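Novice: Dumping the structure here so I can ask a few things about it.
Number of protein chains: 2
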Amino acid sequence: METRELRYFVAVAEELHFGRAAERLGIAQPPLSRTISQLEQRLGVALFNRTSRKVTLTAAGSGLLAEGRAILGALTAAERRARHATMDQPTLVLSLKTGTSGELLAKLLDAYAAEPDAVAIELLFCESQPDRPLHDGRADVALLHQPFDTTDGFDIEVLSTEGQIAILPSSHPLATRPHVLMAEVKSLPQLPPARWPGPDGTYPEGPGAEIHNQMQLLQLIELGRTSVVLPESCRTNLREGLTGVPVKDAPTVTTVIAWPPHSRSRALADLVRVATRL
Amino acid sequence: METRELRYFVAVAEELHFGRAAERLGIAQPPLSRTISQLEQRLGVALFNRTSRKVTLTAAGSGLLAEGRAILGALTAAERRARHATMDQPTLVLSLKTGTSGELLAKLLDAYAAEPDAVAIELLFCESQPDRPLHDGRADVALLHQPFDTTDGFDIEVLSTEGQIAILPSSHPLATRPHVLMAEVKSLPQLPPARWPGPDGTYPEGPGAEIHNQMQLLQLIELGRTSVVLPESCRTNLREGLTGVPVKDAPTVTTVIAWPPHSRSRALADLVRVATRL
DNA sequence: CCCGATCGATACCATCAGGGTATCGATACT
DNA sequence: AGTATCGATACCCTGATGGTATCGATCGGG
C-alpha cells in the first residue's frame with residue numbers, strides 16, 4: 001500500500017464523506033472514489049460500507065484506521081528526524097510538561113552533561129500532552145507522567161514515583177488540613193477544574209475557565225477560581241497564596257523517560273542510561 | 001514520502017550498492033539512482049555519501065533506515081490485520097514460544113473462554129523469536145519472555161516472574177546438585193549451547209548442534225550433547241533422562257503479554273484484562 | 001602507468017497511472 | 001413526484017516512472 005492510498009483512506013475514514021475527504025486532500029471526488037475501490041480490490045478487503053448517501057467503516061476499516069494514523073505519523077516523524085539529523089551540531093530534543101520538577105530535570109541534565117559524548121539537549125516545553133512531539137518527530141525523547149500521559153508505542157524507563165497534592169488557594173478551608181481525600185477535591189463546587197484545549201484547539205465542555213498554560217492555572221487557583229491535583233514535585237512551583245495538601249488516596253504518579261522504539265541514537269541511549277541511574 | 005521511495009531507500013541502505021538494490025527491487029539501476037536523488041532533494045537531506053564506486057550511509061540515513069524498516073513492517077502488518085479482520089469468525093492469533101508453560105497458557109485460555117464476548121484464540125507456535133509475528137502482522141498478541149524476547153515497540157503487561165533452571169542430562173554430575181551457578185552451566189565443555197537459526201535461516205558460528213525446534217533441543221540434552229538454561233516453568237516439559245537444576249544467579253524471566261500499541265480490538269483488550277488477573 | 005571493469009549519474013524515450021471533467025444511478029428530503 | 005446530494009463510472013490529458021544508452025569517476029590488475 002502506498003502512502004498516498006493510506007492518506008486517502010484515513011481522510012475518508014475520518015470524514016465518512018468522500019466529498020469532504022477529497023476537499024481535505026485537495027483532489028476531486030471521483031479519483032478518490034476510484035483509488036479507495038482499487039485499494040479494497042487489491043487488499044481483498046472491504047474497508048467501507050457505503051450507499052450513495054452513507055459511508056461507514058467496516059471492522060477491517062476501523063482497525064486499519066488506527067494503524068494507518070500511526071504509520072502516517074511515524075513517517076512524518078521519521079522525515080523530521082532525518083532532517084534534524086543533518087544539523088552540524090547534534091542535539092537531542094527533550095519534550096516535557098511545563099512545570100515538570102526542576103529538581104529532577106536539573107539532576108538529569110547535569111548528569112548527562114558530565115558524559116564524555118554528551119550532545120546539546122534542547123528542551124521542548126508543552127503545556128499539555130508532552131507525548132505528542134514524540135509521536136510527530138519534533139522530539140527525540142520525552143519525560144512523561146503516568147497515568148496522565150500515554151506511553152503507548154514508546155519504550156520507557158521509570159525514573160521516579162510520587163504521590164499527589166491538591167493545589168488550593170491558601171484561603172480555602174481545605175488548605176489548612178494535613179491531608180485530604182480525592183473525593184473531597186475532585187468536585188469542589190466553587191473550584192471547578194480548569195479546561196485545557198484538545199489537539200484541535202477546541203475546549204471540552206465544562207464550567208471551569210479555559211486555560212493555555214500552567215501560569216494561568218496557578219493564577220486562577222490563587223484567585224480562588226479553580227484547583228488542581230498534581231504530582232508532589234510540583235510543590236516547588238507553589239508561590240504565595242497557594243497551598244499544597246497531600247491527597248492520600250490519589251494514584252501515585254510515575255515519571256518515565258520515553259523514546260521511539262526504533263531509535264538507534266547513541267546520544268539517546270546515553271541519556272536513558274544516565275536517567276535510570278539518577 | 002511514498003512507500004515506494006522508502007522501499008527503494010531501505011534496499012539501497014541495506015545493500016550499499018545501487019546495482020544490487022535495483023536487482024532486489026526488480027527495477028533498473030538508473031531509475032533507482034534518480035528516485036533516491038529526488039528523495040534527498042525533497043527532504044533536503046543527504047541520506048548517502050557516495051562516490052562512483054562506494055556508497056555509505058549518512059547519520060540521517062542510518063536513523064531513517066531503522067525507522068523505515070519499522071514503518072514498512074508496520075504497513076505490511078496493518079494490511080495483514082485488515083485482511084484477517086474480514087473473516088466471518090473473529091479470532092485472535094496468539095504467538096508464543098513452543099514450550100511456553102502449559103499451565104499458564106491453559107489458565108489464560110480457560111479464563112478468557114469464560115468471558116461473555118470471547119472470540120476463538122488461534123495459537124501460533126514459534127520455535128524462536130515469538131515477537132516476529134507481532135511485528136509482521138501475523139499475530140494480534142504474543143506471550144513473550146524478557147529478557148530473551150524484545151518487546152520494543154509493543155505495549156505490555158507483566159504476567160509472571162520466575163527463576164531459571166539448567167536442563168541437564170540426568171547422568172551429568174551437576175544434575176545431582178540442589179542448585180548451580182550461571183558460570184557453572186554457561187560453558188560446559190562437553191555441553192556447548194545448541195544453535196538456533198537466525199531470521200534469514202543461517203546459523204551463528206559455534207560448536208553446538210544446529211536445531212530447529214524444542215523437541216530436538218531436549219533430545220540432544222538427553223543424549224548428553226548440550227544443555228540449556230530455561231525458565232522454571234519449563235520443568236513441566238522435562239521427561240525421563242532430563243534433570244532441571246535451579247540456577248541461583250540467573251536473571252529472573254518475566255513473562256509478559258504484548259500487543260501492538262495502536263490496536264483497538266475489543267477482544268484483545270478483554271484478553272489482556274483477563275491475563276493480568278490470573 | 002595504462003587499460004579494462006565496474007559503479008552511480010544523466011539524458012532521452014515510451015507507457016501508463018493519477019487526477020481532471022462529465023455524467024450516471026441511488027438515496028434522502030421536501 | 002421532483003430536486004438536491006452523494007458515490008461510482010467513463011473518458012481524456014499530463015506527467016511520473018521505468019526502460020535503454022551512455023557518460024565520467026574510481027578501482028584493480030597487468
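Those sequence lines, one after another, are chains A and B.
Note that full-length UniProt numbering has the first sequence beginning at 1, numbered continuously upward.
Note that full-length UniProt numbering has the second sequence beginning at 1, numbered continuously upward.
A virtual CB, placed ideally from N, CA and C, is assigned to each residue, including glycine.
Bear in mind that the values here come from a model prediction, so they are computed numbers and not experimental data.
1) So H145(A) contacts chain B; which residues on that side make the cut at Cβ distance below 8 angstroms?
2) Which residue wins for smallest C-alpha separation from N213(B), given the options A13(B), Q129(B), N49(B) and T150(B)?
3) Give, in chain order, every residue of the stretch 252–274 of chain B whose Cβ lies closer than 9 angstroms to some Cβ of chain A.
4) For L181(A), which residues from the same chain have a beta carbon less than 8 angstroms from its beta carbon, with the 5 sequence-adjacent residues on both sides left out?
5) By how many angstroms is the C-alpha of Q38(B) removed from the C-alpha of Q41(A)?
6) Can you grab the Cα-Cα spacing for the pair R24(A) / A11(A), in whole Å?
7) List the residues that DSSP assigns as beta-bridge partners of A139(A).
8) Using a Cβ-Cβ cut-off of less than 7 angstroms, give me the residues of the stretch 64–81 of chain A that come near chain B, in sequence order.
9) On a Cα-Cα basis, can you pick out the residue from S233(B), P207(B) and R20(B) that is closest to L159(B)?
10) Just tell me which of L108(A), I121(A) and R81(A) has its CA closest to the CA of L134(A).
11) Would you mind listing the beta strand (DSSP E) stretches within the UniProt domain "HTH lysR-type" (1–58) of chain B that are 3+ residues and don't spill past its ends, in chain order?
12) What does A60(B) touch in chain A if you count any residue whose Cβ is under 9 angstroms from its own?
13) For the alpha helix (DSSP H) holding E103(A), just list the boundary residues, first then last.
14) When the cut-off is 8 angstroms and only beta carbons count, does G26(B) lie next to chain A?
15) Using a C-beta to C-beta distance shorter than 7 angstroms, which residues of chain B count as neighbours of L43(A)?
16) So, using beta-carbon positions, are A46(A) and T56(A) closer together than 8 angstroms?
17) At which residues does the alpha helix (DSSP H) containing L268(B) begin and terminate?
18) Give the DSSP-derived three-state secondary structure of L65(B) in the structure shown.
19) Determine the extent of the alpha helix (DSSP H) in which A183(A) is found, giving its start and end residues.
20) Quick one: give me the first and last residue of the beta strand (DSSP E) that residue 284(B) is part of.
21) Please go through the same chain and pick out, in chain order, the residues whose beta-carbon is closer than 7 angstroms to the beta-carbon of F154(B), but skip the five residues on each side of it.
22) Using a threshold of 8 angstroms, state whether the C-beta atoms of T93(A) and L144(A) are closer than that.
23) DSSP state of G73(B), grouped into three classes?
24) Among S62(A), T86(A) and A106(A), which residue has its Cα nearest to the Cα of R83(B)?
25) Please report whether the beta-carbon of D136(B) lies at a distance below 8 angstroms from any beta-carbon of chain A.
26) Could you check if A267(B) is buried or exposed, using at least 16 other CB atoms within 10 Å of its CB as the buried criterion?
27) Report the neighbours of E2(B) on chain A: residues whose CB is nearer than 9 angstroms to its CB, in chain order.
28) Taking C-beta pairs closer than 9 angstroms, name the residues in chain B that D155(A) reaches, listed in chain order.
29) If we cut at 8 angstroms on Cβ distances, does A46(A) have a partner in chain B?
30) Is the beta carbon of S227(A) closer than 8 angstroms to that of L168(A)?
31) Based on the DSSP output, what are the partners of residue 308(B) in its beta bridges?
32) Cβ atoms of I221(B) and R188(B): under 8 angstroms apart, would you say?
33) Between which two residues does the alpha helix (DSSP H) carrying L220(A) extend?
Specialist: With the structure as the only source:
1) Result: empty, since nearest Cβ-Cβ is about 17 angstroms, beyond 8 angstroms.
2) Q129(B)
3) P260, P261, H262, S263, R264 and S265
4) V247, K248 and D249
5) 31 angstroms
6) 7 angstroms
7) None, per the DSSP bridge assignment.
8) L64, A66, E67, G68, A70, I71, A74, L75, A78, E79 and R81
9) S233(B)
10) R81(A)
11) 48–50 and 55–57
12) R81, A82, R83, H84, A85 and T86
13) G102 to A113
14) no
15) E79, A82 and R83
16) no
17) R266 to T276
18) helix
19) M182 to K186
20) In the structure as shown, chain B begins at 1 and stops at 278. Residue 284(B) is therefore absent and cannot be evaluated.
21) L134, A258, W259, P260 and P261
22) One detail in the question is off: residue 93(A) reads as Val in this sequence, not Thr. Taking 8 angstroms as the Cβ cut-off, V93(A) and L144(A) do not qualify as a contacting pair.
23) helix
24) S62(A)
25) no
26) buried
27) E2, T3 and R4
28) T151, D152 and G153
29) yes
30) yes
31) Given that chain B is displayed from residue 1 to residue 278, the structure contains no residue 308(B) and the question cannot be resolved.
32) Checking the sequence shown, residue 188(B) turns out to be Leu, not Arg. Against a cut-off of 8 angstroms, the Cβ pair of I221(B) and L188(B) comes out as no contact.
33) Q214 to E222
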